[in-house]
Amino acid sequence: MAERDHEDVPWGLWGSYLPERQWGTVREDYSADGNAWSSFPHDHARSRAYRWGEDGLLGICDNQCRLCFSVALWNGVDPILKERPFGLANEEGNHGEDIKDYYFHIANTPTHSFMRGLYKYPQQRFPYEQLIEENGRRGRDQPEFELVDTGIFADDRYFDVWIEYAKASPTDLAIRIRAVNRGPDPAPLTLLPTLWLRNTWSWGYPDEQEQPLILEGDLLVANPGGGLGRYQLACGEEGRWIFTDNETNTERLYGEPNARCFHKDGFHRYLIEAEQGAINPAQRGTKAARLLQRTLQPGEEWQLDLRLSGPPQGAEAAFGSGVTGLDPLFEAREREWDDFFFGRVPNLGADDRLIHSSGAAGLFWCKKYYGWSVLRWLEGDPTAPRPPAQRLHTQNGQWQRLHAHDVISMPDAWEYPYFCQWDLMFHAVAFAVFDPATAKHQCMLLRSPHYTAPNAQTPAYEWALSDPNPPIGAWAAMRIFQIDRKVSDEPDLGFLREALRKLILEYGWWANRNDRSGDNVFEGG
85 MAERDHEDVP
95 WGLWGSYLPE
105 RQWGTVREDY
115 SADGNAWSSF
125 PHDHARSRAY
135 RWGEDGLLGI
145 CDNQCRLCFS
155 VALWNGVDPI
165 LKERPFGLAN
175 EEGNHGEDIK
185 DYYFHIANTP
195 THSFMRGLYK
205 YPQQRFPYEQ
215 LIEENGRRGR
225 DQPEFELVDT
235 GIFADDRYFD
245 VWIEYAKASP
255 TDLAIRIRAV
265 NRGPDPAPLT
275 LLPTLWLRNT
285 WSWGYPDEQE
295 QPLILEGDLL
305 VANPGGGLGR
315 YQLACGEEGR
325 WIFTDNETNT
335 ERLYGEPNAR
345 CFHKDGFHRY
355 LIEAEQGAIN
365 PAQRGTKAAR
375 LLQRTLQPGE
385 EWQLDLRLSG
395 PPQGAEAAFG
405 SGVTGLDPLF
415 EAREREWDDF
425 FFGRVPNLGA
435 DDRLIHSSGA
445 AGLFWCKKYY
455 GWSVLRWLEG
465 DPTAPRPPAQ
475 RLHTQNGQWQ
485 RLHAHDVISM
495 PDAWEYPYFC
505 QWDLMFHAVA
515 FAVFDPATAK
525 HQCMLLRSPH
535 YTAPNAQTPA
545 YEWALSDPNP
555 PIGAWAAMRI
565 FQIDRKVSDE
575 PDLGFLREAL
585 RKLILEYGWW
595 ANRNDRSGDN
605 VFEGG
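Take 85 as the starting number for the sequence shown in the working numbering and just add one per residue.
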């Protein structure tokens, strides 16, 4: 953290910033009726390129979401690859949108030098239709019908899939995937560690050019541009690389001829639909994966190591440069994670320490990349159909200066995968105990010029950017200052001055709009 904050060493360049849900969001909605859930449903996600971000299962990306890594899974019977967590859309759940997969944020450090997540993958066919239909039949007064209620985990017929990341340097990441068969019988499993580029080139802007992934020997090489540099992905197990492109399959979605030969759903079609032409035989494309398949015996563990390496930072030598012998790196980073979090609360008992570290892990895992230029969203892109004109006259149409391109703390990485101003203040205070620099940055982010409106209003959340929020920014800034002073023993008066300047402007807007009675009482939310 000290190197990141005071020596400009980019330990925060990579992290668990890959969103967990990009479909069903307002920023991906280009419909006339403004129904984001039906405009971009889960069924489209595997075949349709996102405009403003990406998503995946316990994945990582750089802080601009240009290069992404995640693992896709297949148990041999599912109707689709497991590339992203599944949940119900707002109108499908009897209590609104609702995540149905079981995955857990186990560990994460402030610099993302060590990250660990766990996904419980059923060995039987995933009951997508049953979950949608049964929850659709239930009313609000009934409990939600969950994945465990289907009986799919009976006799422990599932895989524990652990995904871990450990940094040797800011640009050198070791990746470890461990799959364990918890069931009583042998079970097949396909792993697809996947590297891909966010699609920035299909929208008609000449400064964004497609840069496909290629092979150099057995190394997968990416050069995504944007100042990120050249990266290579090495895999420690024999297999083969397969390639497709992060492009929309217009024939599947809209019945229109495809402009490109290879598409985002290429791996799904190749494995599940046995479509041999779905992957690129030239072994190049903007999405690539290592195809690995095994049958695991009861209790058997399958461990796979990979290494994603970019421009050297000088710290790699301590942990070598290959994809073998990574145990010392993982052990060192896990030890640092233990020492850091448990050192903050040395007097807690074992159960409380687990709760404390798990809560902190969830906080850091929910820092996600968020991209959205409202002006481009309103006007449309050169190569895309023009958005409906009526959106210019909606509440969000007044926010043409908002241009988001940041890592932001989300209220929930799946259910609420967007910033919420009020929630963000509470998150920022929680960060202060562990990572004061991140706390200060998150507290002030929505008050920076590329978010704030000309009248000094700060945006609320993407569904209604103009909604008023309780003015708790001053409270959050003061609490962060107090906590930081206690932790570091150094009062950051510069932060208070910056916060005061921005908060006075914001309070002027708030008081004029929401204090009509003059009693300094907030009038609505």
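Heads up, the beta-carbon is just placed ideally off N, CA and C, and yes, glycines get one too.
Every value quoted in this text rests on a predicted model; they were computed, and no experiment measured them.
Got a sec? Which residues, its chain only, sit under 6 Å from residue i by beta carbon, not counting five neighbours each side?
i, result
"G99", "H196"
"V110", "A120, E546 and W547"
"R417", "S197, F198 and A250"
"L215", "K184"
"D551", "A544"
"V491", "Y101, N147, K451 and Y453"
"W456", "R111, W136 and A488"
With residue i as the anchor, note down where its alpha helix (DSSP H) starts and where it stops.
i, result
"R460", "V458 to E463"
"H487", "Where H487 is concerned, there is no enclosing alpha helix (DSSP H), although the beta strand (DSSP E) it sits in stretches over H487 to S493."
"K524", "P520 to L529"
"W547", "First-last for W547: undefined, no H or E at that position."
"D127", "H126 to A129"
"I164", "Taken as a continuous stretch (DSSP letters only), I164 belongs to no alpha helix (DSSP H), as it is neither H nor E."
"A497", "Neither: A497 is in no alpha helix (DSSP H) and is coded neither H nor E."
"G557", "G557 to S572"
"A120", "A120 to S123"
Consult DSSP for residue i and reduce its assignment to one of helix, strand or coil.
i, result
"A583", "helix"
"N219", "helix"
"I144", "strand"
"N480", "helix"
"T195", "coil"
"L438", "helix"
"V232", "helix"
"H534", "coil"
"R475", "helix"
"W98", "strand"
"G609", "Because G609 carries a pLDDT of 46, less than 50, the predicted location of this residue cannot be relied on, and the following value inherits that uncertainty. Coil."
"A595", "helix"
"R224", "coil"
"I183", "strand"
"Y205", "strand"
"D92", "coil"
"G455", "strand"
"R378", "strand"
"G443", "helix"
"F510", "helix"
"R200", "strand"
From what residue to what residue does the beta strand (DSSP E) around residue i run?
i, result
"W386", "E385 to S393"
"K251", "Y242 to S253"
"W158", "L151 to W158"
"A258", "D256 to N265"
"W421", "Premise fails: W421 lies in the alpha helix (DSSP H), D411 to R428, not in any beta strand (DSSP E)."
"W280", "A271 to L281"
For residue i, I'd like the list of residues in its chain whose CB is within less than 7 Å of its CB, leaving aside the five on either flank, ordered along the chain.
i, result
"T542", "Q505, L530, R531, Y535, T536 and E590"
"F188", "G201 and L202"
"R224", "N178 and H179"
"D507", "P495"
"R368", "P296, L297, I298 and F327"
"G310", "Q148 and R150"
"N364", "F327, T328 and F346"
"D423", "none"
Between residue i and residue j, which are expected to be in contact by the criterion C-beta below 8 Å, what is the C-beta distance as a whole number of angstroms?
i, j, result
"D139", "R105", "6 Å"
"A488", "K452", "Contact doesn't hold; Cβ gap of about 11 Å is too wide."
"K371", "N330", "5 Å"
"A263", "L410", "Their Cβ separation, rounded to whole angstroms, is 17 Å, which puts A263 and L410 out of contact at 8 Å."
"V155", "T274", "Wrong, their Cβ atoms sit about 10 Å apart, outside the cutoff."
"L142", "K166", "Contact doesn't hold; Cβ gap of about 11 Å is too wide."
Which same chain residues end up closer than 8 Å to residue i when comparing Cβ atoms and leaving out the 5 residues on each side of it in sequence?
i, result
"P412", "F403"
"A366", "F327"
"A444", "N192, F425 and F518"
"H128", "W107 and L337"
"E175", "W121 and S122"
"P211", "L231, T234 and I236"
Is residue i near the ligand COA, in the sense that its beta carbon is under 7 Å from a heavy atom of that ligand?
i, result
"L157", "What this structure holds is no ligand at all, so the ligand COA is not there to describe."
Every unbroken alpha helix (DSSP H) inside the segment 300 to 374 [4 residues or more]: Runs of the alpha helix (DSSP H) inside the segment 300 to 374: 334 to 338 and 350 to 355.
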